[in-house]
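S.K.: For reference, the structure I am asking about is given below.
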Amino acid sequence: GGTVRFEDVRFSYDPEREILKGVSFEVPAGRTVAIVGPSGAGKSTISRLLYRFYDINAGRILVDGQDVREVTQASLRAAIGMVPQDTVLFNDTLGYNIRYGRTGASDEEVARAAELAQIDGFVRRTPKGYATEVGERGLKLSGGEKQRVAIARTILKDPTILILDEATSALDSHTEREIQDALERVSRGRTTLVIAHRLSTVVGADEIIVLEHGRIAERGTHNQLMDRQ
Ligand code: ADP
Ligand code: ADP
Numbered sequence: 374g375g376t377v378r379f380e381d382v383r384f385s386y387d388p389e390r391e392i393l394k395g396v397s398f399e400v401p402a403g404r405t406v407a408i409v410g411p412s413g414a415g416k417s418t419i420s421r422l423l424y425r426f427y428d429i430n431a432g433r434i435l436v437d438g439q440d441v442r443e444v445t446q447a448s449l450r451a452a453i454g455m456v457p458q459d460t461v462l463f464n465d466t467l468g469y470n471i472r473y474g475r476t477g478a479s480d481e482e483v484a485r486a487a488e489l490a491q492i493d494g495f496v497r498r499t500p501k502g503y504a505t506e507v508g509e510r511g512l513k514l515s516g517g518e519k520q521r522v523a524i525a526r527t528i529l530k531d532p533t534i535l536i537l538d539e540a541t542s543a544l545d546s547h548t549e550r551e552i553q554d555a556l557e558r559v560s561r562g563r564t565t566l567v568i569a570h571r572l573s574t575v576v577g578a579d580e581i582i583v584l585e586h587g588r589i590a591e592r593g594t595h596n597q598l599m600d601r602q
């Protein structure tokens, strides 16, 4: 499961200014669709609407054929994992930060998620597990390391649908490549919506949607879009 469908979605934060002006697309279960376009086009808004941070003004958003307004917020948010642009970590242990979103996870599950996200490269496990403090009281993490924590958190949550919102945009190119590899492993087999500002980071997507001023300007595979230029 996990098919996501936007049908002629219209949305505005303020009544005077429409942000999405009739957006339709589908992410088939297990596939990856990327949304690219200039800053301010409405890309992040699409991810917030799927997560139901806001309700739309017109159209429909469906997950496996069901209108998201008819699903409980809790079950929708359990099905969707988001790796945001800028991960905010709690001033607590690394283990707490990884567990956030699925507090009942066992130590073994946390360790496996941390391993998959390659967290062991920058933090040593203590006998108590990932007890290292992050935040101002302890360990200072770089942008790439924080992204790995966000990825481990998402692996642990095991969502059907994954939203990657410019997840590598704040990183240097070497770190970006490494995180991209980790994200590819996490997204395999999951319905994935990637928000990106550069075509070069979404070459492998099944479909790329170019959003401009709240409308779909172009769509196709990476090769199709390059051929048209
Ligand atoms: P993108 O992700 O493509 O850069 P966004 O979806 O973040 O674009 O934003 C689209 C437009 O909506 C922008 O003009 C932005 O200023 C506006 N916007 C974003 N969030 C809010 C908000 N919470 N309230 C009002 N306007 C917003
Ligand atoms: P829950 O519904 O389980 O309490 P949250 O809504 O707090 O979860 O957040 C779930 C995920 O969405 C987290 O990864 C968090 O970083 C991200 N997130 C929360 N609020 C926003 C937001 N306004 N914009 C983008 N991402 C967000």
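Taking the UniProt record's numbering, the leading residue of the sequence shown gets 374, the next gets one more, and so forth. We put the CB at the ideal spot given by N, CA and C, even for glycine. Since the structure is predicted, the reported quantities are computational estimates derived from the model, not experimental observations.
For N470, does the count of other Cβ atoms within 10 angstroms reach 16, so buried, or fall short, so exposed?
M.R.: So N470 counts as buried.
S.K.: Ignoring anything shorter than 4 residues or poking outside the stretch 538–587, list the alpha helix (DSSP H) runs there in chain order.
M.R.: For the stretch 538–587, whole alpha helix (DSSP H) runs of length 4 or above, ordered along the chain, are 546–560.
S.K.: Could you check whether V496 and F463 sit closer than 9 Å to each other, using their CB atoms as the reference points?
M.R.: Their beta carbons are not under 9 Å apart, which means F463 does not touch V496 by this criterion.
S.K.: Just verifying my parser: in three-state terms, what is the DSSP assignment at I492?
M.R.: It is coil, neither helix nor strand.
S.K.: Residues in the same chain with beta-carbon distance under 6 Å from A407, minus the five sequence neighbours each way, listed in chain order, please.
M.R.: Counting only Cβ-Cβ distances below 6 Å, and skipping sequence neighbours, we find V567, A569, V575, A578, I581.
S.K.: Is any non-hydrogen atom of ligand 1 found closer than 8 Å to the C-beta of T564, if you look at the structure I gave you?
M.R.: T564 Cβ: outside cutoff for every heavy atom of ligand 1.
S.K.: Please name the residue, chosen from A490, A590, I589, S546, that lies closest to K519 on a Cα-to-Cα basis.
M.R.: Closest option to K519, Cα to Cα, is A490.
S.K.: Any chance the CB of A414 is under 8 Å from a heavy atom of ligand 1?
M.R.: Yes, the Cβ of A414 comes within 8 Å of a heavy atom of ligand 1.
S.K.: Using C-beta distances below 7 Å, list every residue in its chain close to G415, excluding the 5 sequence neighbours before and after it, in chain order.
M.R.: I392, L393, L584, G587, listed in sequence order.
S.K.: Give a yes or no on whether the C-beta atoms belonging to G375 and D437 are separated by under 9 Å.
M.R.: Contact: yes.
S.K.: Quick one: Cα of E481 to Cα of D459, how far?
M.R.: Straight-line Cα distance between these residues: approximately 27 Å.
S.K.: Check whether the Cβ atoms of L544 and G562 lie closer than 9 Å to each other.
M.R.: No, they are not a contact pair.
S.K.: For a test of the three-state rule: what should DSSP assign to K394, helix, strand or coil?
M.R.: Strand, per DSSP.
S.K.: Pull up the DSSP beta-bridge partners for D387, would you.
M.R.: According to DSSP, which records beta bridges pairwise, D387 is partnered with R390.
S.K.: Tell me whether the beta-carbon of G477 lies closer than 9 Å to the beta-carbon of D531.
M.R.: For G477 and D531, no; Cβs fall outside 9 Å.
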